[in-house]
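Below is one structure, written out as C-alpha cells, with a few remarks after it.
Residue numbers (the numbering used here): 1 to 474.
Rendered as C-alpha cells:
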C-alpha cells in the first residue's frame, strides 16, 4: 500500500522537488489537452494531481477510470504551478503533484448527491447517507470548530482552577422542566433509570463535598418535542461555582465566550455584554431570549388606544389586559393573503386575532384605520412610523400579548430578512420565580426549582408569589 507521507493540506512552494505520497478521496477530475488533473481531498485540504503521458502513458490511462469519491494513494513529485495556473483561493494553490504511481484503495458507486455541493440533496437524503454528508466541507468545518471550541474551554477553565468532573448518566428522575428518557433496569425488574436532563443533578453533592469549581462538556437528554434550538440529545458546557455571586459567574462566562469566538472563529465579541431584565426583554421583544440583531421593538399602547373608538382594544384595557404592537417597514409587501397567513400563525400561537393598519402619506389606511383616526398622530409618534410602514396589534391578557408579538416579530424578520450579520449576546436577569399552572391549579417553578429568591422579594411569597423574582440569569 502507498502509505501517505504528507496530507492534502500541507504542501507549499518550498516543498517543490520533494517526492511524496498522498492518500485521499477524488474530489474532482478534469481532462485537459491530454493531461488529467485530479483534486485529491482529505480533511486537511485539497491538492491537485497531474497525470502526464510524458511521464507514464499507462498511468494516465488508469487515471481515466477514477470516479468521484474513489479512495486512492498517489506517489509523485511536488512542483510549482505556472503563474497562470495558480489558485489563490486554496492554501495548496501554488503547487501540484506530478503523479508517478497510483494505487486505487477503494472505488465508489454512483453517488446519491454531490459531496462537493450539499444543496444537491434534501436533508432526509443526506441523513440517510450520513457518511457522505460528513465528507462535505461544511460539516468537516463544523466538526473542527466543535473540537477547537471544546479545547479552548478546557484551556481557559484550567487557568481558573476548575476541575473537569464526569457524573453518571444513569440516575434517579428529578423534578425538572422536561420529560425524562427512561432506561429499564435488567437487574431490578420494574425499575427504571432516568437519563439526565442536565448535569446539575449532582451539583449540590459536589459543592458540599468541597469541589468549589468544576465543569462538564456533557450530553443532556430531554424527551420533548423538537424545536429550532432543541433536540432530544444535545451538549452543553456546565459550570458550577461556590462562594460566588451572579457577577462572578457572568464574568467567567463572558471571558470564556470571548476567547472561544476570538480564537476559534475570529469573531470579536463586545468587551461587556448587554444586560436586560426579564421584564424589559418580554415587553420589548416578547421573549426571554431576544434577538437583538434587528429592531422592531414591541410598544405597549394601553394609554393611547384607550382613547380610540375601537371597542376591541378599549375593553381589553378595561379588563386589565394589554394592547401592544410592532411597526414594520415595506408595507407594500403585505398583501391580503400575507396578512391572512400571519393572522393564522398568531392564532396558532394563542391569539384571538391580528389587527393591523398601514401608514399613508397623511393618514392611516386599511385594516382598522377608521377606528384609529382619533389616535393616529399618537400611534405614528409612538412608533416613529413613516409612510409605507405597517402596524400590527395584539390585544389580550398581558401574559399572552407579549409572547405572541415576540413570535410575530421573529416571523417578520424571517420573511423580510431584517437581521444584521454578527452576534449580539445579552444577559437576561431577574426571571420570575413562579407562575400559575391552570392544569395543576397551583404555582410552579417558571424555569426550575433550584433558584434562590431575590432577598427583597421574600416577603411577597406569602401573598403575591407571581411577583417574586429569582436570582436567575441566562
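For glycine and all other residues, C-beta sits at the position ideal for the given N, C-alpha and C.
Computed from a predicted model, the values in this text were never measured in an experiment.
DSSP three-state assignment for residue i, whether helix, strand or coil
i	result
residue 429	strand
residue 129	coil
residue 352	coil
residue 166	coil
residue 24	strand
residue 287	coil
residue 188	coil
residue 334	coil
residue 472	coil
residue 395	strand
residue 456	helix
residue 226	coil
residue 241	strand
residue 78	strand
residue 300	strand
residue 312	helix
residue 264	helix
residue 108	coil
residue 144	helix
residue 464	coil
residue 358	strand
residue 115	coil
residue 157	helix
Opposing strand residues paired with residue i [DSSP bridges]
i	result
residue 436	443
residue 8	Answer is none; residue 8 lacks a bridge partner.
residue 178	Answer by DSSP bridge pairing: none, since residue 178 is not bridged.
residue 277	429
residue 218	236
residue 194	171 and 182
residue 37	30 and 50
residue 42	45
residue 324	300 and 394
residue 99	76
residue 249	DSSP lists no partner for residue 249.
Beta-carbon gap between residue i and residue j smaller than 8 Å
i	j	result
residue 98	residue 77	yes
residue 67	residue 107	yes
residue 179	residue 224	yes
residue 376	residue 364	yes
residue 395	residue 264	no
residue 466	residue 438	no
residue 350	residue 306	no
residue 36	residue 11	no
residue 2	residue 103	yes
residue 70	residue 26	yes
residue 238	residue 200	yes
residue 301	residue 342	no
residue 454	residue 471	yes
residue 205	residue 221	no
residue 284	residue 298	yes
Proximal residues to residue i (C-beta, below 6 Å), its chain only, five neighbours per side dropped
i	result
residue 193	170 and 183
residue 9	44 and 45
residue 4	21, 22 and 23
residue 361	387
residue 135	115
residue 293	419, 420 and 424
residue 334	390
residue 240	203 and 214
residue 366	358
residue 244	none
residue 322	398 and 401
Beta-carbon contacts of residue i that lie in its chain and below 7 Å, excluding the five residues immediately before and after
i	result
residue 345	411
residue 80	13, 16, 94 and 95
residue 389	327, 328, 329, 331 and 359
residue 87	93
residue 281	287, 288, 290 and 428
residue 217	150, 153, 235 and 237
residue 460	467 and 468
residue 254	273
Cβ neighbours of residue i in the same chain (closer than 8 Å, five flanking residues each side left out)
i	result
residue 304	375, 378, 379 and 382
residue 277	428, 429 and 430
residue 478	Absent from the structure is residue 478, since the part of the chain shown begins at 1 and ends at 474.
residue 161	213
residue 246	429, 471 and 473
residue 90	45 and 46
Any non-hydrogen atom of the ligand HEM closer than 7 Å to residue i Cβ
i	result
residue 466	In terms of ligand content, the structure shown is empty, and the ligand HEM therefore cannot be addressed.
If we count Cβ pairs, one from each stretch, closer than 8 Å, do we get three or more for the region 6-20 versus the region 29-38?
no
Below 8 Å, how does it come out for the region 103-115 and the region 233-247: are there three or more Cβ pairs, yes or no?
no
Kindly confirm or deny that the region 312-323 and the region 421-436 touch, where touching means at least three C-beta pairs closer than 8 Å.
no
Would you call the region 149-160 and the region 253-260 in contact, with 3 or more CB pairs under 8 Å?
yes
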